[in-house]
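Following: one structure in structure tokens, then a few remarks.
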Amino acid sequence: MGDPPRLIATDIDGTLIHDDQTVSPRTAGVLARISARGTPVVLVTGRPVRWLKMVYDQLARPLPAVCANGAVVYDPFEDEVVRADPLAPHHLAEVARRLRAEVPGISFAVEILDSREMRHEAHYPLRWDVETDGIRPIETPEELLSAPAVKLLARAGEQDPDAFAELIATAVAGLAEATHSSSSGLVEISAAGVTKAAGLAWYCDQLGVAAADVLAFGDMPNDVPMLTWAGRGVAVANAHRAVLAVADDVTTANTEDGVATYLEKIFGVD
């Protein structure tokens, strides 16, 4: 990528923001200045739409987002999902069947209504969300699989995250995508072909931006497809080894404003 990138894509957690969920003034300022110059900046995240407000509240203006690991493309200005690629109920049922047969004690949650709401089995542990009208346990087993889901979440107690993700990916091969972005054994399952790279590619297509002109930042295995697709993939220093292995370049850690540090050099802003 000799010329300046035509689009910036960045993961959020572990990459853009600090570990306490804050966006530093430095990072917010750099993103605002680059956007003002006319270079689009897109958030590409495993987060659901409902988790974006806490980031938007710390930015000068909201940024378009590819959510749920590529299954949802969100326009914050219109509060509109412009594209969604969910798991159909019959695929959800088959994925759940395979995984229950493979993993004793597995529990599930589903992100529905374009990730604005979540339903979960009673024994599924909520780590970040709390019970609200949009997040609640299912009332019947059938409810879990009755609506299209942009993401199926799977847990089975504390697990080695890499080994557990590999086990699940093998079980659902050919039917769905499985990845992870946590250290606690949470696996995120999407429809076949749905990745951060696929969602970002669709968005870039709408703008007429080629993969070669994209600069992308990430830190976890769910970022690997995006970093390998983009013309330049940059890992933060705290990234998972799988990300460091595919990255074209490495910047400082998220806690040291690695994205801002890299962008300041590329665009000559501070």
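For the numbering used here, add 541 to where a residue sits in the sequence shown, where the first one is 1. Here a beta-carbon is modelled for each residue, glycine too, at the ideal position from N, C-alpha and C.
Restricting attention to alpha helix (DSSP H) runs no shorter than 4 residues, the segment 616-697 encloses them at 630-643, ordered along the chain. Collapsing the DSSP output to three states places Ser731 in a strand. Counted as a single uninterrupted DSSP element, the alpha helix (DSSP H) harbouring Asp703 occupies residues 702-712. Cα atoms of Arg591 and Glu658: separation of roughly 8 Å, rounded to the nearest angstrom. Bridge partners of Thr551 according to DSSP: Leu584, Phe758. Cα atoms of Ala788 and Gly774: separation of roughly 5 Å, rounded to the nearest angstrom. As DSSP reads the structure, Asp790 sits in a beta bridge with Val775. Scanning its chain for C-beta atoms nearer than 6 Å, with the 5 sequence neighbours on each side dropped, one finds around Pro581 the residues Leu548, in chain order.
In the displayed model, Glu699 falls within coil according to three-state DSSP, outside both helix and strand. Minimum Cα-Cα distance from Asp598 among the listed residues Tyr615, Ala629, Ser565, Glu619 corresponds to Ser565. Under the three-state reduction of DSSP output, Val750 falls in the coil class, being neither helix nor strand. For Glu805, there is no enclosing beta strand (DSSP E); the residue is part of the alpha helix (DSSP H) that begins and ends at 799-808. For the 9 Å CB-CB criterion, Val585 and Ala550 form a contact.
Scanning Tyr744, His559, Leu708 for the CA closest to the CA of Asp616 turns up Tyr744. Membership of Thr796 in any beta strand (DSSP E) is not indicated, and neither H nor E is assigned to it by DSSP. Secondary structure note for Ala573: its alpha helix (DSSP H) is the uninterrupted segment 566-577.
Classified as exposed, Phe618 has fewer than 16 neighbouring CB atoms from the shown chains inside 10 Å of its CB. When secondary structure is reduced to three states using DSSP, Ala612 falls in the coil class, being assigned neither helix nor strand.
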